[in-house]
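Trainee: Residue numbers (the numbering used here): 766 to 1303. Note that beta-carbon positions come from the ideal geometry of N, C-alpha and C, so glycine has one too.
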């Protein structure tokens, strides 16, 4: 009854199941020990889990099939096959017309009948011989694939059959996100990170259903994105970083490579060009931009608030128009972030004039403006978005303007804050943020902001104190997993005692990915590669 319900309308799958049924007599029955899908260490936790206490026998007689005439679905099927191969060294064919000996099927299906409205919604049905993933969109299918990856065991159960089998717990999962926007910001301006570093971060984020990567591309210490019409920005402004190292920058081809890599994982890249403050690198490159009355020099420190563009000079806006135009042309996502924070030496009326004028430039190039919460002090459009990092007053002004907010409170969500007094990287000007503090708060109701005004949650990672991918991972992991759950899972599905057990069980994946995470002593890590003391010695 269940099988016929699942395959109703799936003509291709029906034929496939018929082929498998014809091989029924050739199979040896596999009696698995009882399993409980609800006790798996999902991260983030799905909306609804219904266990059936059996298992799907993943083995060399398994094949993956996807909806016909849906090229994106076939790519997702191949993505899953590649990840299974890398995890357990098992080759699984994709859309190979029932290879000889096939006994079990993973079917990734585009379905118009899914009840959940979110484009990222999916349903997983797992029985002993079939796994069926239904979604309305390829994006939803990709999110479902991450869930499936998390319940494929690391080791096979070699005693159940002649061949190696990896038992996947059976049942049904219905899932969709709490917020459409689930992001992390990476500051490549204070210290530069390579394309390969950023790709690794994207891989890790996408596994935990993060769907936005916000790149902080410019600051006082460096300009990190090639602008062809203004080449000195990278020639001069990209030549250094905090501490005096050589710096670096992304060519436009580099940037497009990152954008494409993220898009393959259904992740949106948001470029940020911070202005009118945090602009020293730009002003050193082109001094006419400078508005603070001082001769600009390359800056390698960490002090903030001393720089500003000349907000009353028309040539400054010609420059900004070129920058926004070139970056927007290679950014398919709908957003452009203008920064707008900590412009301490910009006069208030000049700041407001600047933000209002730049908003029109961003809109002219087909993008929706995002700015740090200070931008809400200007008379800007309700379609623009404020990123709440510091001021509750500004956040409420944004709500009064009908704007949406990205919730990123520094004392709760800043990944560059130290875990505790022993942390070797990070700062603590906002707070110390141990793993429990990072998780035990509710973005749905934070600061009394109505949920309908919240676009989503983002965890920013500023790079004043880090310069390598290992140091990046130390600050981001494991806390980014908590922010993933806070933005994906519903409030009733979030519980610290349950979460910390599931978090502990992420250690094998993080170790396999060579992630130098901080092994918080608050967590009883499962087979963790490093102890707290060993990491401190590194």
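Following the continuous beta strand (DSSP E) through residue 940, name the residue where it begins and the one where it ends.
Mentor: Here the beta strand (DSSP E) through residue 940 covers 931 to 940.
Trainee: Kindly indicate which residue of 1127, 1154, 1155 has the alpha-carbon position closest to the one of residue 1146.
Mentor: Ranking 1127, 1154, 1155 by Cα distance to residue 1146 puts 1127 first.
Trainee: Extract the residue ranges of the alpha helix (DSSP H) inside the stretch 819 to 880, only unbroken runs of 4 or more that lie entirely within it.
Mentor: Listed in chain order, they are 836 to 853.
Trainee: Near residue 790, which residues of its chain fall below 8 Å by C-beta distance, leaving aside the five closest residues on each side in sequence?
Mentor: The pLDDT assigned to residue 790 is 44, lower than 50, so where the model puts this residue is not dependable; a value taken from the coordinates is nonetheless given after this. Answer for residue 790: no residue qualifies.
Trainee: Per DSSP, what kind of secondary structure is residue 893 in: helix, strand or coil?
Mentor: It is coil, neither helix nor strand.
Trainee: Going by DSSP in three states, residue 772 sits in which element: helix, strand or coil?
Mentor: Low per-residue confidence applies at residue 772: pLDDT is 41, beneath 50, and the placement is therefore not dependable, though the value from the model is reported in the following sentence. In this structure, residue 772 counts as helix in the three-state DSSP scheme.
Trainee: Which same chain residues, not among the five before or five after residue 914, have their C-beta less than 6 Å away from its C-beta?
Mentor: Closer than 6 Å at the Cβ level, and outside the excluded window around residue 914, lie 848.
Trainee: At a cut-off of 7 Å, would you count residue 982 as near the ligand MN, judging by its Cβ distance to the nearest heavy atom?
Mentor: The model on display carries no ligand, and the ligand MN is accordingly not part of it.
Trainee: Buried or exposed for residue 875, going by 16 or more other Cβ atoms inside 10 Å?
Mentor: So residue 875 ends up on the buried side.
Trainee: Counting only the same chain and skipping the five closest in sequence on each side, list residues whose C-beta sits under 8 Å from that of residue 993.
Mentor: So the qualifying residues of the chain are 1017, 1091.
Trainee: Runs of 4 residues minimum, wholly inside the stretch 941 to 1018: which ones carry the alpha helix (DSSP H) assignment?
Mentor: If we require 4 residues or more, the alpha helix (DSSP H) runs fully inside the stretch 941 to 1018 come out as 960 to 972, 997 to 1000.
Trainee: With the cut-off set at 8 Å, would you say residue 1208 and residue 1285 are in Cβ contact?
Mentor: No, Cβ-Cβ distance for residue 1208 and residue 1285 is not below 8 Å.
Trainee: Once you ignore the five residues that flank residue 1070 on each side, which residues in its own chain have a CB closer than 7 Å to its CB?
Mentor: So the qualifying residues of the chain are 1042, 1107, 1109, 1110.
Trainee: Give a yes or no on contact between the stretch 943 to 954 and the stretch 1218 to 1228, applying the rule of three or more CB pairs nearer than 8 Å.
Mentor: Output reads yes: the stretch 1218 to 1228 touches the stretch 943 to 954.
Trainee: So, residue 1212 versus residue 1160, is the Cβ gap smaller than 8 Å?
Mentor: Yes, the Cβ-Cβ distance between residue 1212 and residue 1160 is below 8 Å.
Trainee: Can you tell me where the alpha helix (DSSP H) with residue 1119 in it begins and where it stops?
Mentor: It spans 1113 to 1129 - the alpha helix (DSSP H) in which residue 1119 sits, taken as one unbroken run.
Trainee: Classify residue 1029 as helix, strand or coil using the three-state DSSP reduction.
Mentor: The answer is helix: DSSP assigns residue 1029 an H, G or I state.
Trainee: Rank 1143, 1243, 1034 by C-alpha distance to the C-alpha of residue 964 and give the top, closest one.
Mentor: Comparing Cα positions, the closest option is 1034.
Trainee: Please report how far the alpha carbon of residue 1096 lies from the alpha carbon of residue 1032, in whole angstroms.
Mentor: C-alpha separation (whole angstroms): 12 Å.
Trainee: Going by beta-carbon coordinates alone, are residue 1005 and residue 1047 separated by less than 8 Å?
Mentor: Result no, Cβ atoms of residue 1005 and residue 1047 do not sit closer than 8 Å.
Trainee: Do residue 1039 and residue 1054 have their CB atoms nearer than 8 Å?
Mentor: No, these two residues do not count as a Cβ contact at 8 Å.
Trainee: From residue 1276 to residue 972, what distance separates their C-alpha atoms?
Mentor: Computed Cα separation, rounded: 14 Å.
Trainee: Specify the secondary structure class of residue 1207 as computed by DSSP and reduced to three states.
Mentor: Reduced to three states, the DSSP call for residue 1207 is coil.
Trainee: Are the Cβ atoms of residue 906 and residue 898 separated by less than 8 Å?
Mentor: Cβ distance < 8 Å, so residue 906 and residue 898 count as in contact.
Trainee: Nearest-angstrom Cα distance between residue 902 and residue 1196?
Mentor: Looking at the two C-alpha atoms, the distance is approximately 40 Å.
Trainee: Of the choices 922, 944, 943, whose alpha-carbon is the least far from that of residue 934?
Mentor: Closest by alpha carbon: 922.
Trainee: Going by DSSP, which residues form a beta bridge with residue 900?
Mentor: Beta-bridge pairing links residue 900 to 875, 887.
Trainee: Within 10 angstroms of its Cβ, does residue 1077 collect 16 or more other Cβ (buried), or is it exposed?
Mentor: It counts as exposed.
Trainee: Residues in the same chain with beta-carbon distance under 6 Å from residue 1206, minus the five sequence neighbours each way, listed in chain order, please.
Mentor: The answer, listed in chain order, is 1177.
Trainee: If I measure Cβ to Cβ from residue 1267 and keep anything under 8 Å in the same chain, skipping five residues before and after, which residues do I get?
Mentor: Once the five neighbours on either side are set aside, the close Cβ partners of residue 1267 are 806, 807, 808, 810.
Trainee: Go through its chain and collect everything with a Cβ distance to residue 1202's Cβ below 8 Å, but skip five positions before and after it.
Mentor: 1177, 1196, listed in sequence order.
Trainee: Rounded to the nearest angstrom, what separates residue 944 and residue 1247 at their Cα positions?
Mentor: Looking at the two C-alpha atoms, the distance is approximately 14 Å.
Trainee: Use the C-beta contact count for residue 1187: other C-beta atoms within 10 angstroms, 16 or more gives buried, fewer gives exposed.
Mentor: By the 10 Å Cβ count, residue 1187 comes out exposed.
Trainee: With respect to the beta strand (DSSP E) encompassing residue 1220, which residues constitute its N-terminal and C-terminal limits?
Mentor: Run containing residue 1220: 1219 to 1226, per the beta strand (DSSP E) assignment.
Trainee: In angstroms, rounded to a whole number, what distance separates the CA positions of residue 1063 and residue 997?
Mentor: Answer to the nearest angstrom: the Cα atoms are 13 Å apart.
Trainee: Classify residue 999 as buried or exposed, calling it buried when 16 or more other Cβ atoms lie within 10 Å of its own Cβ.
Mentor: Buried.
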